[in-house]
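Asker: Numbering-wise (my numbering), the sequence shown opens with residue 595 and increments by one.
Below you will find the structure I want to go over with you.
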Amino acid sequence: MKTCFKRMQIIGPVILVLVLALSYGCGPRKSAPPPPMPEVSTITVKTEKVVISTELPGRTTAFLVAEVRPQVGGIVKERLFEEGAEVKAGDLLYQIDPSLYQATYDRAKAEQAKAEAKIIPAKSKHERHKVLVESNAISQQEFDNSKSDFLTADADIQVCKSAVETARINLEYTKVVAPISGRIGKSHVTVGALVMANHLLPLAVIQQFDPIFVDVTQSSADFLRLKRKMTEGLVRKNNDNGAKVKLFYEDGSQYPIDGEMKFRDVTVEHSTSSYNLRIEFPNPERALLPGMYVKAVVEEGVIEDAILIPHQAVTRNMHGDPVVMIVDSADKVEQRKLTVDRSIGDKWLVNGGLKPGERVIMEGSQRIRTGVQVKAVPFESKPPAAAAQPAKK
């Protein structure tokens, strides 16, 4: 009896607890609260004025180039410049042995003096015969002969003068001078070398590169596309003359001075379907040298009401088309296909698919799907992360 009583004392409380638990579980349940509305960050589409520019590769070209060539032959006696130095137009560069040309000049001068001496008696005889023929003291034939002798002597003087001038010019040509101002390169001949008139290899080359040209090429397809947009009124043309052009070195750093467009070629190269453009840049520090590879950013036109969308907001669908997620007037998500023209900085230039005032999702699109209602909040761009500071000792 005692054992049964003890068992009842233990089982009783357990049964009571189970009954209470069951009665609690069978009571009325409260409904769970609805999930919170997804939150997304959006930007509002706006129009703005955008300058259309194109990056074109090219090379620098000297403003003026002069190949120094001898105009007479002879032995080079002196070289009177430092290779790589600046020279002025008219500076003496080479001296060719003038001995032969000096002798030719002296002989021509002597021949001129001889001719001038011969004309004196011929002139006197002609003047006397002019008086005598009027009084019929001499025949007309004798007068004509004296006149011919005088005119021949005068012509001989003119021939001698021409020979003197030619000899003088050739003597001057033994002094090879700089035809233009600029920087002269290395000398291709040394003292003692024999050079000839119209030498195939120039003695040296002078280049003037302040200002300096940059020659670039643009595809005819890009030109036609831009021209079509201008015709349709989508792009306002920039004036080529005076349009500013920015220049970048091969390493990506920017040249500090803007250039100006000088001309566009009128012929398309058939092998490349491109045409040439020439840009002029001031080069006072001689930082640009002829032959350097550079990139020019040419301003070609202006879009007054362009739409720019950050790269961050644009993705690609399964067909590779650019798309964005937008929030419509009912705060529901909608996918929108875009037509983009080009990338400008960190944004896409949008030609179609968006209108001013629409809201484009910047953050939170990974957690939502089309048709879901969301809570749109303004997007706040995050400042770039600060550079790591070196550890202090």
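Ideal Cβ positions, reconstructed from N, Cα and C, are used throughout, including at glycine.
Just so you know, these numbers come straight off a predicted model, no measurement behind them.
With distances taken from CA atoms, which of 639, 663, 868 is nearest residue 794?
Answerer: Comparing Cα-Cα distances from residue 794 to each of 639, 663, 868, the minimum goes to 663.
Asker: Please state whether DSSP places residue 974 in a helix, a strand or coil.
Answerer: Coil, per DSSP.
Asker: Pick from 792, 797, 771, 768: whose alpha carbon is nearest that of residue 780?
Answerer: Checking every option, the nearest Cα to that of residue 780 belongs to 797.
Asker: Would you give the residue range spanned by the beta strand (DSSP E) that residue 729 belongs to?
Answerer: Run containing residue 729: none; DSSP gives neither H nor E here.
Asker: Please classify residue 895 as buried or exposed, where buried requires at least 16 other C-beta atoms within 10 Å of its C-beta.
Answerer: Buried.
Asker: Hey, is the segment 842-857 in contact with the segment 681-695, meaning 3+ C-beta pairs nearer than 8 Å?
Answerer: Contact between the segment 842-857 and the segment 681-695 is absent, because fewer than three Cβ pairs lie under 8 Å.
Asker: Keeping to the same chain, check which residues put their C-beta closer than 7 Å to that of residue 639; ignore five residues upstream and five downstream.
Answerer: Answer for residue 639: 901, 948, 949, 950, 951, 952, 954, listed in chain order.
Asker: Identify every residue that forms a DSSP beta bridge with residue 811.
Answerer: Paired residues: 870.
Asker: Give the straight-line distance between the Cα atoms of residue 702 and residue 775, rounded to the nearest whole angstrom.
Answerer: C-alpha separation (whole angstroms): 34 Å.
Asker: Going straight from the alpha carbon of residue 740 to that of residue 714, what length do you get?
Answerer: Each residue's Cα considered, the two are about 12 Å apart.
Asker: For residue 767 and residue 712, what's the separation of their Cα atoms in angstroms?
Answerer: Approximately 31 Å between the Cα atoms of the pair.
Asker: Counting Cβ pairs closer than 8 Å, one from the segment 907-917 and one from the segment 850-858, do we hit at least three?
Answerer: No, they do not touch.
Asker: By Cβ distance, which residues of its chain are closer than 6 Å to residue 754, with the 5 residues on each side in sequence left out?
Answerer: If we look at residue 754 and ignore the five residues flanking it on each side, its Cβ neighbours are 705, 706, 709.
Asker: Check whether the Cβ of residue 646 lies closer than 7 Å to any Cβ atom in chain B.
Answerer: The structure shown contains no chain B; it is built from a single protein chain.
Asker: Any idea what DSSP makes of residue 980, helix, strand or coil?
Answerer: Bear in mind that the predicted position of residue 980 carries a pLDDT of just 46, short of 50, making it too unreliable to give a figure here.
Asker: Can you tell me whether residue 723 is buried or exposed? The criterion is at least 16 other CB atoms within 10 Å of its CB, across all chains shown.
Answerer: Buried.
Asker: Report the CB separation of residue 917 from residue 932 in whole angstroms; it is logged as a contact under 8 Å.
Answerer: About 6 Å separates the two Cβ atoms, so the contact holds.
Asker: For the alpha helix (DSSP H) containing residue 738, list its first residue and its last residue.
Answerer: Its alpha helix (DSSP H) spans residues 734-767.
Asker: Beta-carbon within less than 6 Å of residue 810's beta-carbon, same chain only, minus the 5 sequence neighbours each way: which residues are those?
Answerer: Answer for residue 810: 650, 652, 871, 890, listed in chain order.
Asker: Verify whether the separation of the beta carbon atoms of residue 765 and residue 699 is less than 7 Å.
Answerer: The answer is yes: Cβ separation under 7 Å.
Asker: Assign residue 804 to one of three DSSP states: helix, strand, or coil.
Answerer: Residue 804 falls in the strand class under three-state DSSP.
Asker: Thinking C-alpha only, which one of 747, 946, 762, 659 is nearest residue 802?
Answerer: Checking every option, the nearest Cα to that of residue 802 belongs to 659.
Asker: Sorted by chain position, which residues of the same chain lie with C-beta nearer than 7 Å to residue 726's C-beta, five sequence neighbours on each side aside?
Answerer: Excluding residues within five positions, the ones whose Cβ falls inside 7 Å are 732.
Asker: So the beta strand (DSSP E) residue 843 belongs to, where does it begin and stop?
Answerer: That residue, residue 843, is in no beta strand (DSSP E); it is neither H nor E in DSSP.
Asker: Using a Cβ-Cβ cutoff of less than 6 Å, which residues in the same chain neighbour residue 750 once the five nearest sequence positions on both sides are dropped?
Answerer: Hits under 6 Å: 709.
Asker: Rounded to whole angstroms, what is the Cα-Cα separation between residue 778 and residue 678?
Answerer: Cα-Cα distance, rounded: 5 Å.
Asker: Taking 7 Å as the cut-off, decide whether the C-beta atoms of residue 940 and residue 967 are in contact.
Answerer: No, these two residues do not count as a Cβ contact at 7 Å.
Asker: Could you tell me whether the Cβ atoms of residue 641 and residue 899 are closer together than 7 Å?
Answerer: Against a cut-off of 7 Å, the Cβ pair of residue 899 and residue 641 comes out as a contact.
Asker: For the candidate residues 805, 787, 877, whose alpha-carbon lies nearest to that of residue 668?
Answerer: Residue 668 has its Cα closest to that of 787, out of 805, 787, 877.
Asker: If you count every other CB in all the chains shown that lies within 10 Å of the CB of residue 888, and 16 or more means buried, which is it?
Answerer: Buried is the call here.
Asker: Would you kindly work out how many angstroms separate the C-alpha atoms of residue 756 and residue 773, rounded to a whole number?
Answerer: C-alpha separation (whole angstroms): 25 Å.
Asker: Helix, strand or coil: how does DSSP classify residue 900 here?
Answerer: DSSP places residue 900 in strand when its eight states are reduced to three.
Asker: Start and end of the beta strand (DSSP E) containing residue 854?
Answerer: From DSSP, the beta strand (DSSP E) with residue 854 extends over 853-858.
Asker: Would you mind working out which of 689, 959, 636 sits nearest residue 789, comparing C-alpha positions?
Answerer: Closest by alpha carbon: 689.
Asker: From the DSSP output, in three-state form, read off residue 598 for me.
Answerer: Because residue 598 sits at a pLDDT of 47, beneath the cut-off of 50, its placement in the model cannot be relied upon, and the following sentence gives the value as read from the coordinates. It is helical.
Asker: Are the CB atoms of residue 877 and residue 805 nearer to each other than 7 Å?
Answerer: Yes, Cβ-Cβ distance for residue 877 and residue 805 is below 7 Å.
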